[in-house]
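Scroll down for the structure; my scribbles are underneath it.
Chains as they are written, first to last, in my numbering: chain A, 69 to 209; chain B, 72 to 272.
Quick look at the structure:
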């Protein structure tokens, strides 16, 4: 029977193998929804910090005319709204999830079709960690 | 005497079965925000992507999900439609009696062609409806749906805030419940299976 410490190590190794990171930030479970050229779409991921607090300031890509950080939320009248975020705080020794209906990276007016199973690259700019490039599969989980 | 007792027993069982069959599911058994009592679904007097007048009554006998959204929606609408696509797949052949209707709240950019191409990405049987002005506003009001174009620096790249609920209409054309965004897919699927079972009872 495998010992818990070995199992944890194995899980961390597996996670690291499918994740991108730099310094004390690890980005995993990334995906972007397929869409046609000219349309909008969104990307999602989880950012984990094993150190001090940091801020995600912007995301860069060649995919679209504009790439912004947004948050969807339901207002008091039950209407779904979106709000652009100037930055997102990554808590010290914590994590933050970008997921449907919440935080997401919005791509406005795609320059080309995004086809299922292809991989795209995004550059994430953090206040302290600087730029981190991640590979993101085009998929519908 | 014995024969009379048997006759009464058979009569009792028959009446009970008939009574149960005539009862529909308790509205409270459905997820989301059930209509208690269920109410007739407002007509969707809009045009389909071929430019023809749509009639909800054509789908009597089938189950219909209605959603108000727009194709440039980057997050909420595609998440909802992807969930419904999975529900169709999970239902298998029973999914033949289910229809998804998306009414665009952004007719300015969602032309018939854009709407058809977008919906085909999810499922070829998804139905798109499009209309403008008062015609659209009347239908939205009937379903208590709100939509508002948000200000944008680039007038061509605006977002639309909107009610993001899925409305469930049963085989008799009655509104049974509606689901807010984020309702687990399993709950919607289980309600549809309940309606399908209601029909065969």
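All residues carry an ideal CB built from backbone N, CA and C; glycine is no exception.
Remember, predicted model here, so these are calculated numbers, not experimental data.
Proximal residues to residue i (C-beta, below 8 Å), its chain only, five neighbours per side dropped
i, result
"residue 59(B)", "Nothing about residue 59(B) can be reported from this structure: the residues present for chain B run from 72 to 272 only."
"residue 252(B)", "147, 150, 151, 235 and 236"
"residue 122(B)", "183"
"residue 112(B)", "127, 135, 137, 238, 240, 244, 245 and 246"
"residue 258(B)", "102, 103 and 250"
Helix, strand or coil at residue i according to DSSP, with G and I counted as helix
i, result
"residue 123(B)", "coil"
"residue 228(B)", "coil"
"residue 211(B)", "helix"
"residue 208(A)", "coil"
"residue 176(B)", "coil"
"residue 263(B)", "helix"
"residue 256(B)", "helix"
"residue 201(B)", "strand"
"residue 218(B)", "strand"
"residue 157(B)", "helix"
"residue 183(B)", "helix"
"residue 195(A)", "coil"
"residue 101(B)", "coil"
"residue 247(B)", "strand"
Beta-carbon contacts of residue i that lie in its chain and below 7 Å, excluding the five residues immediately before and after
i, result
"residue 84(B)", "Note that residue 84(B) scores a pLDDT of 43, beneath 50, so its modelled location is shaky; the value from the coordinates is reported in the next line. Closer than 7 Å at Cβ, skipping near neighbours: no residue."
"residue 155(A)", "123, 124 and 125"
"residue 143(A)", "149"
For residue j and residue i, the rounded distance between their alpha carbons
i, j, result
"residue 92(B)", "residue 270(B)", "Note that residue 92(B) has pLDDT 40, beneath the 50 cutoff, so the model's placement of it is unreliable and the number below is only indicative. Using only the alpha carbons, I get a separation of about 9 Å."
"residue 188(A)", "residue 106(A)", "17 Å"
"residue 228(B)", "residue 177(A)", "8 Å"
"residue 194(A)", "residue 127(B)", "51 Å"
"residue 221(B)", "residue 187(B)", "24 Å"
"residue 182(B)", "residue 163(A)", "41 Å"
"residue 193(B)", "residue 153(B)", "7 Å"
"residue 109(B)", "residue 261(B)", "18 Å"
"residue 97(B)", "residue 246(B)", "14 Å"
"residue 209(B)", "residue 116(A)", "47 Å"
"residue 117(B)", "residue 171(A)", "34 Å"
"residue 118(A)", "residue 160(A)", "7 Å"
"residue 110(A)", "residue 243(B)", "38 Å"
"residue 241(B)", "residue 166(A)", "35 Å"
"residue 114(B)", "residue 155(B)", "22 Å"
"residue 143(B)", "residue 145(A)", "22 Å"
"residue 124(B)", "residue 207(B)", "13 Å"
"residue 210(A)", "residue 268(B)", "As displayed, chain A neither begins before 69 nor continues past 209, which places residue 210(A) out of reach and without an answer."
"residue 199(B)", "residue 158(A)", "40 Å"
"residue 196(A)", "residue 92(A)", "10 Å"
"residue 131(B)", "residue 127(A)", "48 Å"
"residue 266(B)", "residue 153(A)", "42 Å"
Cβ-Cβ separation, residue j to residue i (assumed contact under 8 Å), whole Å
i, j, result
"residue 133(B)", "residue 101(B)", "The pair is not a contact, with the Cβ atoms about 17 Å apart (cut-off 8 Å)."
"residue 106(B)", "residue 254(B)", "Not confirmed; about 15 Å, so no contact."
"residue 132(A)", "residue 179(A)", "6 Å"
"residue 40(A)", "residue 183(A)", "Because chain A spans 69 through 209 in this model, residue 40(A) falls outside it and cannot be assessed."
"residue 203(B)", "residue 178(B)", "5 Å"
"residue 233(B)", "residue 218(B)", "4 Å"
"residue 185(A)", "residue 104(A)", "So it is not a contact: roughly 16 Å between Cβ atoms."
"residue 171(B)", "residue 197(B)", "5 Å"
Proximal chain C residues relative to residue i, where beta-carbon distance stays under 7 Å
i, result
"residue 168(A)", "Among the protein chains in the structure shown, which are A and B, there is no chain C."
Sequence-distant residues of its chain with Cβ nearer than 6 Å to residue i (five each side left out)
i, result
"residue 150(A)", "138 and 140"
"residue 199(A)", "191 and 193"
"residue 223(B)", "229"
"residue 174(B)", "139 and 200"
"residue 120(B)", "183, 186, 187 and 199"
#### Entry: Entirely enclosed beta strand (DSSP E) segments - the region 91–119 of chain A, minimum 3 residues
93–100 and 109–117
### Message
For a minimum of 3 consecutive residues, which ranges assigned as the beta strand (DSSP E) are wholly contained in the region 103–149 of chain B?
### Response
104–111 and 134–140
#### Entry: Whole beta strand (DSSP E) elements within the region 107–191 of chain A, 3-residue minimum
DSSP runs (the beta strand (DSSP E)) wholly in the region 107–191 of chain A: 109–117, 122–128, 132–142, 147–152, 156–158, 163–165 and 171–178.
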